[in-house]
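Chemist: I have a structure here, written as structure tokens, and I will follow up with some questions on it.
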Amino acid sequence: MGRVINEASDKEYYQAFCFALREEIMINWLATMQTFAKQNTRMLYYLSMEYLPGRFTGNNITNIGATDIVRKVMRHMGRDFDRVLSSEPDPGLGNGGLGRLASCFLDSLATQQYPAVGYGLRYQYGIFEQELWDGIQLERPDPWLLDEYPWEFRRDQRSYNVKFCGRPIRTANTHSDEVYDIEDCEEVRALAYDIPIIGYDCTPDFSVLTMRLWTTKESPRNFGLQRYNAGHLDQAAENIILTDVLYPNDNHETGKRIRLKQEFLLVSASLQDIMRRHLIQNPDMSNFKEKIRIQSNDTHPALVVVELMRILTKDYDFSWNQAWETTQACTSYTNHTILAEALEEWNVHRLSYILPRQYNIIERINLKFCNKIRKQYPNDEDRVRRMTIINDGQIKMANLSIVATHCINGVSALHTELLQKTTFKDFAEMYPTKFTNVTNGVTPRRWLLHCNPRLSQFISERIGDQWITNFDQIDQLQKFASDPDSQREFLKIKRQNKEALRRYLLENYQEHDFKGKLIKVKIDLHLDALFDCHIKRIHEYKRQLLSALHLIMLYFEIVDNPQETTRIQRTFIYAGKAAPGYHIAKNIIRLINCIARTINNDPDVKEKLQVVFIPNYNVSKAEFIMPAAELSEQISTAGLEASGTGNMKFSMNGALTIGTDDGANVEMRKTVGDQWWPFLFGASVQEIEQMQTNQSYNAWDIYSKYPHIRRAVDSLRDRTFSKYDAEHQALTELYHSLLESSPGRLPDPYFILQDLIDYYETQKKVEELYKIPEKWAEYAIHNIAGMGQFSSDNSIHKYAREIWDITPCAVNKELLEHIRSEFRAHDQCRIIGHH
């Protein structure tokens, strides 16, 4: 860094430390890649538009078992370990659960030594940085690349040209299959940046995989100088800014166009790189389908099947049938949602303009597929209309992904069942063997070993440390759940983690007034209070509004009876971002902050209730919140949460779950056992389906029947919590959404009032159990012990076994030692040369 140590800032020290550490990691990285090449093993290529890795440095140190020595060295050099590591930004490469899942999977692939590469996009600004101005969400650029980022390696020799628009020129391959050249197209250069993904190992022989990210920022080819000189500044810069922001707002044409280009950029550059890697090790493409597996994380990379068909038929002279067989064998697709509005579609005119060659292939795939439906189900044109890839001027990317891949998986048992019975019922009937389930998981390295060292030590002292790479062994913790010493130790650790979160918020919490001016607000958490945490994306189906209405009901109870002494203290912690264009979700954030302002400033209430909304939620903040949490809110409308992974992280860290029987909650309840899962509530999937089918649900009936619910709902419009007219309008809109219909929308479509009374009563059970700390600890330890199958290692083993058919490939020790000796020789030469 060009600084002597006593002059270096913490940020400079952090960067110098990372450069030193990554030089050690480079040895294993080279050895891992050379091992894969030497063995010419089948490779997995994981394509995801999102990764949410969190800070790498602390996790990397944890995974190579160097935490203690690094702390000692930094202490010896007069540096604070935690402050130095906090200099690292969170990489802004993801949004929520989808991206965090992808990062957990890369960690597990590396730890379990599978041959794999992850591909994504290097977003300059990530999704957005959330600021709260007087309770209103504002989006700021997330400048995570403002300073040099020491964990990325620029690979100038790895760049590829990606072509958009233009005029397709029809030609044919030697099999007389129609293929296309392109003229007058936009040619965009994608440049690679690599980030090492370090697998956990208690020996120095750890594996290191590659996460390769593409950017369009770094090439003059991508800038339209002629357009710029002609005054068309936006058009001139469009291809430069393709990787500027994750998920540009697609409420307008430019945003839609950029998002489609982003998706194809990921697919095209990654496929070109996959082909290059394959041909280095193999003489031709004849064994491509034996050596390559490509996983699409949701439909964002769905165009991979189309582009692979184009490349095989055009550039490698495959017949259409050969290419189709190869594409299906190589590709598989993970579905993450049953929400109709979240199933991705692209307008025919937009896609055919931006990707004309690929659109012709989609048309051909669809024609062949529709003919196959008609042959298998004669005289059933309704089925054809339901299943077609192109319908009403829209291209259904999920349908394309199902047709063109060999396997489609859901991410929890309930989700997969609903996919087969409802969303993709016709496809499941036609392709009964294509659908499977792989329940999501999270890595116990980051989400327990790294973020909760006190609890990790507690576990290892009792059952050993094999759980770190074989999390099934966590079930051995059950036998300590009723042990009084273990209960007391667990409660002590939980309080220490609550204190750590308290200190973090005292040092870092910031609020803005309505003009954007930072105002000093002291958030001092009550350590004796129950920490009730609802942290995730803000969405109606995740039902932060349900939690807020319960909070209002508690507020009124305390206001009515301030002298009541049997009530426990409660601290409600919220965090999460709303999509920039999601108006109702932003209103929910505003409501929570209005409630917080009222409660936290009421002298009769604030000692019993406390509400905190932590802005700009990210992985680093989650690493403070999860270990401190005592109650985990997993309260989505049954049937709408595909899986959830926050539910698993909370349970691993010793929180009890209040939740509906939805997503992975169902499997978590079964593995923990109903006896230790006391806070289940809400209508089941079947009950909700019945109410929807019979149109029997009437929110107004519940509002009218229960006075305490009516009072809470009325407070949304009677100015109990709103100070300004704009707040009153926002909260009134939430009132109307619960009780009144609007175009295309029924009242309370997410059954909030339906489940509120059961939720309210279940929260009373929470309070009663919390009054018995040792009993609460017994439940919590049982919950931790039941999380064995929810490690992402288990998920990856199932993918590897049932979908990818790949096997672990440990680092070749001879190769590793050879590379180490080369590095040692280089260092020795440098030292001798100096002397």
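Okay, so the sequence shown: first residue is 508 according to this note's numbering, each after it adds one.
Just so you know, even glycine gets a beta-carbon here, dropped at the ideal spot from N, CA and C.
Note that the structure is a prediction, hence the values are computed from the model and not measured.
1. Give the single residue among Met1159, Leu1012 and Phe942 whose Cα lies nearest to the Cα of Ile981.
2. With DSSP as the reference, identify every bridge partner of Lys670, one or two as the case may be.
3. Is Tyr866 helix, strand or coil by DSSP?
4. What does a CB cutoff of less than 6 Å around Asn1125 pick up in its chain, not counting 5 residues either side in sequence?
5. Going straight from the alpha carbon of Glu1240 to that of Ser1229, what length do you get?
6. Tell me the DSSP secondary structure of Asn1094 in three-state form.
7. Excluding the 5 residues flanking Glu851 on each side, which residues of the same chain have their C-beta closer than 6 Å to its C-beta?
8. For Leu1322, which option in Lys518, Phe526, Glu531 and Lys545 has the closest C-alpha, if you only look at C-alpha atoms?
9. Distance check for Arg696 and Asp663, CA to CA, integer angstroms please.
10. Buried or exposed: Asn878, going by 16 or more other Cβ atoms within 10 Å of its Cβ?
11. In angstroms with no decimal places, state the Cα-to-Cα distance between Tyr1048 and Tyr1062.
12. Taking 7 Å as the threshold (C-beta atoms), are Ala1092 and Ala1082 in contact?
13. So, helix, strand or coil for Asn1040, using DSSP?
14. Which same chain residues, not among the five before or five after Ile1065, have their C-beta less than 6 Å away from its C-beta?
15. Can you tell me the Cβ-Cβ gap for Phe1076 and His1033, rounded? I've got them flagged as a contact below 8 Å.
16. What is the DSSP secondary structure of Val855, reduced to helix, strand or coil?
17. Does Ile1326 come out as helix, strand or coil in the three-state DSSP assignment?
18. Smallest Cα separation from Cys525: which of Ile512, Glu659 and Arg800?
19. According to DSSP, simplified to helix, strand and coil, what is Thr678?
20. According to DSSP, is Ile1264 helix, strand or coil?
21. Which word fits Gln620, buried or exposed, when buried means at least 16 other C-beta atoms lie within 10 angstroms of its C-beta?
22. Tell me, to the nearest whole angstrom, how far the beta carbon of Leu1276 is from that of Tyr1286; I am working on the premise that it is less than 8 Å.
23. According to DSSP, is Leu592 helix, strand or coil?
24. Could you pull out every residue in the same chain whose Cβ sits closer than 6 Å to the Cβ of Ile704, ignoring the five residues on either side in sequence?
25. Run through the stretch 775-835 for me and flag every whole beta strand (DSSP E) of 3 or more residues, listed as ranges in chain order.
26. Which same chain residues end up closer than 7 Å to Lys1282 when comparing Cβ atoms and leaving out the 5 residues on each side of it in sequence?
27. Give, in chain order, every unbroken run of the beta strand (DSSP E) that is at least 3 residues long and sits entirely within the stretch 598-658.
28. In or out: Thr1073 buried (at least 16 other Cβ within 10 Å) or exposed?
29. Take the Cβ of His1333 as the centre, count every other Cβ of all protein chains shown within 10 Å, and call the residue buried at 16 or more, exposed below.
30. If we call anything under 7 Å between Cβ atoms a contact, is Ile909 one with Ile902?
31. Under DSSP, the alpha helix (DSSP H) around Gly1146 begins and ends at which residues?
32. Are the stretch 1160-1171 and the stretch 1234-1251 in contact at 8 Å, needing three or more beta carbon pairs?
33. Counting Cβ pairs closer than 8 Å, one from the stretch 556-563 and one from the stretch 590-609, do we hit at least three?
34. Among the candidates Asn1068, Arg800, Asn842 and Arg766, whose CA atom is the shortest distance from the CA of Ser777?
35. Mapping the DSSP letters down to three states, classify His922 as helix, strand or coil.
36. On the three-state DSSP scale, how would you describe Gly1088?
Modeler: Short version:
1. Met1159
2. Glu694
3. helix
4. Asp597
5. Each residue's alpha carbon lies about 13 Å from the other.
6. Looking at Asn1094 - three-state DSSP - the assignment turns out to be helix.
7. Thr806 and Met904
8. Lys545
9. One C-alpha to the other measures close to 11 Å.
10. exposed
11. Taking the straight line joining both Cα atoms gives about 24 Å.
12. no
13. In the sequence under discussion, the amino acid at residue 1040 is Cys, which differs from the Asn named in the question. Note: Cys1040 maps to strand in three-state DSSP.
14. Val1112 and Lys1115
15. The question names Phe, yet the displayed sequence has Gln at residue 1076. So it is a contact: roughly 5 Å between Cβ atoms.
16. helix
17. helix
18. Glu659
19. In the three-state DSSP reduction, Thr678 falls in the strand class (E or B).
20. Looking at Ile1264 - three-state DSSP - the assignment turns out to be helix.
21. Under this definition Gln620 is a buried residue.
22. 7 Å
23. helix
24. The answer, listed in chain order, is Leu613, Ala617, Leu716 and Met718.
25. 799-804
26. Leu1276
27. 623-628, 636-640 and 643-647
28. By the C-beta density criterion, Thr1073 is exposed, having fewer than 16 other C-beta atoms within 10 angstroms.
29. Under this definition His1333 is an exposed residue.
30. no
31. Where Gly1146 is concerned, there is no enclosing alpha helix (DSSP H), given that its DSSP letter is neither H nor E.
32. no
33. yes
34. Arg800
35. helix
36. Reduced to three states, the DSSP call for Gly1088 is coil.
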